[in-house]
Each structure stands twice: as C-alpha cells, then as structure tokens.
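Asker: Take a look at the following structure, please.
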Amino acid sequence: MFATHPDRATILFHDQADILADPTLRQLFLAYDHAYDLDADDPRLHDLARRIAEANRERYGSNELPGLDADSEIPALIQGTVNASSPAWERLDSLIRAQLNA
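Just add 69 to wherever you are in the sequence shown, counting from 1, and you've got our numbering.
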C-alpha cells in the first residue's frame, strides 16, 4: 500500500487492520491463503469468490475498495504478479471480479 498509494496508505492500513480484527473476515483471508495450492478448476473457488464478493459489498457498499484510484494500473500489476504464483489465486481473482461486476 505504501508503494502504490503513499497518500492513502495509512487509511488503507487501518482498514485492513479492522478487517483482520473481525473473525469472519479474517477467516476469508485465511481461506484465500489456503486456496493457493488448489487446482484452478476446484469448485470451492466459486463459493469462496462469492463469499469474498459479498463481504466486500457488505463492507464497502460498492465494487471499489476505499481510497483506491480505479484508473491506476499499479494495483492490477501487483495483483497480477501475485496471482502468477498460483493458478488458483489467478482464477479466484477473476471469479471475485466477475461476482463484483454481476
């Protein structure tokens, strides 16, 4: 966050700390981490994507995270690099985006 959005990093950092303090949301983060080694076609990814998208809508009420510049290519570049290490994460990211745009 500090590298991509230094002017908003503190707000985003506090938002993430609040998320991790919530047991339900923390479980979503852990489920996302555990999906790393799944097959990209694993049906559990669909359910996880749905749950993450629902939590995102519940928390923010929109498709965008707070304080992020939707026109910036930097977050997408970072996410793409992270996703390249796991086909399941790449698939999960695309499923989450599809859920949010539905």
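Even for Gly, the Cβ is constructed at its ideal location relative to N, Cα and C. Computed from a prediction, not measured in an experiment: that's the story for all the values here.
1. Is it buried or exposed for L89, if we count other Cβ within 10 angstroms and need 16 for buried?
2. On the criterion of 16 or more Cβ atoms from any shown chain inside 10 Å, does N170 qualify as buried, or is it exposed?
3. Roughly how many whole angstroms lie between the Cα atoms of L146 and P92?
4. Are the Cβ atoms of R120 and L94 separated by less than 8 Å?
5. State the Cα-Cα distance for the pair L161 and T79, rounded to the nearest angstrom.
Answerer: Working from what's here:
1. exposed
2. It is exposed - the Cβ of N170 has fewer than 16 other Cβ atoms within 10 Å.
3. 29 Å
4. It is not a contact, given that the beta carbons lie outside the stated cut-off.
5. 27 Å
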